[in-house]
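Those sequence lines, one after another, are chains A and B.
Each position in the first sequence, counted from 1, maps to that position plus 24 in my numbering.
Each position in the second sequence, counted from 1, maps to that position plus 120 in my numbering.
Here's the structure we're looking at; comments come further down.
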Amino acid sequence: MDFTITKEQEELKAVVREFADKHVFPRVVEFEANQEIPPEIVKEMARLGLFGVVFPEEYEGLGLDPITAGLVLEELVRGDPECSLAVAFLVHTSWGHIACKYGSEELKEDVIKRAARGDLWIGIATTEPGAGSDLTGISVTAKKEGEGYVLTGEKAYISGVKEAKEKGTWFKDGGGHVTLAYTDKTKGHRGMTLFFIPLTDPGITVRLEKEFGRKGWSFGSFTINEVKVPEFYRIGDEGKGFYIAMEGFDHARAYIALTCAVAGKRALEIAAEYTKQRRAFGQPIAKFQGVQFQLAEHWSRLEAAHALAYKALWALKMEQEGKLNRFEVTKIAASAKLFAVEAAKAALDGAMRWMGAFAYTEENPVALAWKAVKSYDWAEGSLDIMRLIVAREVLGKEYIG
Amino acid sequence: MGLNIVVLVKPVPDPKEPPRFKPDGTLDRLAMKLALNPYDKYAVEAALQLKEAVGGTILGVSMAPPHALDALREALAMGVDEFVLLADKRLAGSDTLATSYALSMVVRKVWSNLGKLDLVLCGVESSDSNTAHIGPQIAEWLGIPGVSYVDKILEVSAEAVKVKKIIEGGSMTLLVKTPAVLSIAGTTYVPRIPTLRDVLSARRKSVTTWNIDEVGIDPARVGLLGSPTRVVRMWAAEVKRKGKVISDQDPDRLVDEFLEELRKDGISLR
């Protein structure tokens, strides 16, 4: 057991921290107010190589492992506790990895290389107006037609729809979403298949939602009106989409756990500084044990969440090396997300209380972090689904459902 | 055209960390994390922009113990092509005279190896000692022109560079024969943040380590014994200037009173 990181990892972190300190943190409030990340920041992320971290070098990525990707993400979250950059990074990294792992050679040449360069963003679209935790309820269908598939239906509450739809603003080629569809509805979840769908296709109509937090990265729905994609945009075999999606969720959950732990810690640091400055009843409020003890409790829980998040990233790496199986990875990733979201929400709630009424403004990064972390009650699997997964893996699936 | 540029860089105690001192008041360098001297980053950036404009090779040079290489690697990540490290225990305790002599010998050797040298760039000073001696002293040792406080390199040809130099109250433009030593000041050259790929590939770039014998440096002229400077005592400077607080409810009157105070001190605002 060793928590030290390599010199190389330290150097990578230092670069991202410099970027985050100089260009990101001073503008976080602006992300939320303008409801977008300024394009120059996303372009700088692309120049730095942040969209190619885990892709293999043969597809123009950096070929780094999930732990190193986590170290990079950690610096982005420190710079942006509002978590919009985290969404941009972690969704693309997780689902790009899945598209690369299960996609055809042509897809890797066409999509992954552009994704690794930061010319194209990769999102995830499983949720629909009528299906979230129970994915068998989805209605998007894909019909084989000639050399490709024709997809029809609607996806809802999807991140990055605007950035993917608008070519050239954030990404040279816009982007697309790894999309879950039925190729054979009679087979239930065994009839589901994943496809890469470019949102720039004229058959896609995007509608934006007014998101509650992490407003810098768009969020909305898109309708798919008989969109034809080539066969090589299918990710994995027909009928395997559900299982492949579950693997992608494990990646996203591990990164989300880290995001929440780091956003929580960052917010506690900001709030702790505030308590040293803010005086009440003749002394800085940091001197009151009521504040100190809460701070210690929250910090300790976040420290545990942080460590568990890295265990989940380590598990992903071990799976890639053939040393852990899918079920073990799923259990750790679900535990990590469950614990980190709850620990971060509690810590942020505390931090906001110490900051008084100032915390209840749109200009307070702690409040922005609170709203961002709240999104992970649902995103990439609700907390109750996390509980179900952990219980299923501990008790055995015969006790569930 | 293709320029051969040497950039001198120095590892310094990381300015982002709180300083630690030895009982005699000097910096405890061994206890502190090292980083690339922030002023040197401007020189590296200037070299990179020149290379991008007219082509060439950038060679980093530093005099430092081998463990400092991790801090210096940032220069390689930014785009320096290769690196020469002068590392020798006999150099310990060198003052600026001894350091500039040793570095000038390295530059001489590099110059002879390359056959042609166009520019030697360095930061205007280091963040740990702030002497600003090294650039001018190296120019003297090498017998070539030296310009300090260079804000911008305006033009470059095969035989000369035109530079804008900062002077008190303004700037001057100089045409300087090359090879020349320029110490880069100011913030015209905003140092780039290296990409992640650059960071990874920096570890694969060539680093040559020389000791003083390999460079032909006279051991009697370096280290503590070769350094005429003696640090007798270190202490915090006493600030004798006093601030004056002007307060007034009326902002117009406040500004008038402020300007009046400046006028009393002989400062006029245009």
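In this text, a Cβ means the ideal position worked out from N, Cα and C, and glycines have one as well.
On a predicted model such as this, the values are computed, not experimentally measured, just so you know.
(message) Is the separation between the beta-carbon of Leu-239/B and that of Val-281/B shorter than 8 Å?
(response) A Cβ-Cβ contact shorter than 8 Å links Leu-239/B with Val-281/B.
(request) Compute the distance between the beta-carbons of Lys-364/B and Thr-308/B, then report whether it is under 8 Å. (result) Their beta carbons are not under 8 Å apart, which means Lys-364/B does not touch Thr-308/B by this criterion.
(request) Closer than 8 Å by beta-carbon distance: list the chain A residues that pair up with Arg-193/B, in chain order. (result) Per Cβ cutoff of 8 Å: Glu-35.
(request) Can you pull the chain A residues whose beta carbon is under 7 Å from the beta carbon of Arg-317/B, in chain order? (result) Within chain A, the residues Gly-73, Leu-86 have their CB atoms less than 7 Å from the CB of Arg-317/B, given in chain order.
(message) Which of the three DSSP states is assigned to Asn-250/B in this structure?
(response) Asn-250/B carries a coil assignment under DSSP once its states are collapsed to helix, strand and coil.
(message) Taking CB distances under 8 Å as the criterion, tell me whether Glu-327/A reaches chain B.
(response) Glu-327/A does not count as touching chain B.
(request) Grab the span of the alpha helix (DSSP H) containing Asp-271/B for me, first residue to last. (result) Counting along the chain, Asp-271/B falls outside any alpha helix (DSSP H), though it belongs to the beta strand (DSSP E) covering 266 to 276.
(message) Distance cutoff 8 Å, beta carbons only. Does Asp-190/B sit that close to anything in chain A?
(response) At least one chain A Cβ lies under 8 Å of Asp-190/B.
(request) Give a yes or no on whether 8 Å exceeds the smallest Cβ distance from Leu-262/B to chain A. (result) In terms of beta-carbon proximity, Leu-262/B stays away from the interface with chain A, with every pair separated by 8 Å or more.
(request) Please classify Gly-76/A: is it buried, with 16 or more other beta-carbons within 10 angstroms of its beta-carbon, or exposed? (result) Here Gly-76/A is buried. Its C-beta has 16 or more other C-beta atoms within 10 Å.
(request) Leaving aside the five residues before and after Ala-322/B along the sequence, list all residues of the same chain whose C-beta is less than 7 Å from its C-beta, in chain order. (result) Once the five neighbours on either side are set aside, the close Cβ partners of Ala-322/B are Arg-193, Leu-196, Ala-197.
(request) Would you mind telling me which residues of chain B sit closer than 7 Å to Glu-187/A, beta carbon to beta carbon, in chain order? (result) In chain order: nothing, as chain B lies at least about 21 Å away.
(request) Using the DSSP secondary-structure output, state which residues sit across from Pro-254/A in a beta bridge. (result) Bridge partners of Pro-254/A: Gly-172/A.
(request) Express the C-alpha separation of Ile-221/A and Arg-71/A in angstroms, rounding to a whole number. (result) Roughly 25 Å separates the two Cα atoms.
(request) Starting from Val-227/B, trace the alpha helix (DSSP H) both ways and give me its first and last residue. (result) Its alpha helix (DSSP H) spans residues 216 to 234.
(message) According to DSSP, simplified to helix, strand and coil, what is Ile-280/A?
(response) Assigned with DSSP and collapsed to three states, Ile-280/A falls in helix.
(message) DSSP has Arg-303/A in a bridge; who is on the other side?
(response) Looking at the DSSP assignment, Arg-303/A forms a beta bridge with Pro-308/A.
(message) Under 8 Å, Cβ to Cβ, is there at least one residue of chain A near Leu-211/B?
(response) By this cut-off, Leu-211/B is not an interface position.
(message) Any beta carbon of chain B sitting closer than 8 Å to that of Glu-32/A?
(response) Among the residues facing chain B, Glu-32/A is included, as its CB has a counterpart in that chain under 8 Å away.
(request) Would you kindly report the start and end of the unbroken beta strand (DSSP E) that includes His-201/A? (result) For His-201/A, the enclosing beta strand (DSSP E) covers residues 199 to 206.
(message) If the criterion is Cβ atoms closer than 8 Å, does the pair His-187/B and Thr-216/B meet it?
(response) Their beta carbons are not under 8 Å apart, which means His-187/B does not touch Thr-216/B by this criterion.
(request) Note down, in chain order, every chain B residue with its Cβ under 9 Å from the Cβ of Val-77/A. (result) Here the neighbours are Leu-316.
(message) So with CB distances below 7 Å, who are the chain A contacts of Arg-324/B?
(response) What Arg-324/B touches in chain A: nothing, since even the nearest Cβ is about 11 Å away.
(request) Could you pull out every residue in the same chain whose Cβ sits closer than 7 Å to the Cβ of Pro-265/B, ignoring the five residues on either side in sequence? (result) So the list reads Ala-259, Val-296, Lys-297, Ala-300, once near-sequence residues are dropped.
(request) Output, in chain order, the set of chain D residues within a Cβ distance shorter than 7 Å of Glu-99/A. (result) Chain labels in this structure do not include chain D; the protein chains are A and B.
(request) Using alpha carbons as the reference points, say which of Asp-158/A, Ile-413/A, Leu-292/A, Leu-282/A lies closest to Tyr-400/A. (result) Nearest C-alpha to Tyr-400/A: Leu-282/A.
(request) Could you work out which residues of chain B lie near Phe-236/A, taking near to mean beta carbons separated by less than 9 Å? (result) Against Phe-236/A, chain B offers no close residue; the least beta-carbon distance is about 32 Å (beta-carbon pairs closer than 9 Å).
(message) Is Ile-332/B close to chain A? Criterion is C-beta to C-beta, closer than 8 Å.
(response) Output row for Ile-332/B: interface = no.
(request) Thinking Leu-302/B and Leu-241/B are a contact (beta carbons under 8 Å), I'd like their distance in whole angstroms, please. (result) So it is a contact: roughly 5 Å between Cβ atoms.
(message) Spatial neighbours of Phe-219/A within its chain, please: C-beta separation below 7 Å, excluding the five flanking residues on both sides.
(response) In its chain, beyond the 5 residues on either side, Ala-166, Tyr-173, Leu-175, Thr-203, Ala-205, Val-253, Tyr-257, Arg-258, Ile-259 have a beta carbon closer than 7 Å to the beta carbon of Phe-219/A.
(message) Closer than 9 Å between beta carbons: that is the criterion. Which residues of the region 41 to 55 of chain A meet it against chain B?
(response) Flagged, chain order: Glu-42, Phe-43, Lys-46, His-47.
(request) Using three-state DSSP, classify Phe-273/A as helix, strand or coil. (result) In this structure, Phe-273/A counts as helix in the three-state DSSP scheme.
(message) For Leu-159/A and Arg-324/B, what's the separation of their Cα atoms in angstroms?
(response) Cα to Cα, Leu-159/A sits roughly 47 Å from Arg-324/B.
(request) Could you name the residues of the same chain whose beta carbon sits closer than 7 Å to that of Gly-161/A, not counting the 5 residues immediately before and after it, in chain order? (result) For Gly-161/A, where only same-chain residues beyond five positions count, the Cβ hits under 7 Å are Gly-154, Ala-155.
(message) For Gln-318/A and Pro-50/A, what's the separation of their Cα atoms in angstroms?
(response) Using only the alpha carbons, I get a separation of about 28 Å.
(message) Less than 8 Å between CB atoms is the rule here; does Leu-320/B satisfy it with respect to chain A?
(response) For Leu-320/B, the answer is yes, since a Cβ of chain A falls inside 8 Å of its Cβ.
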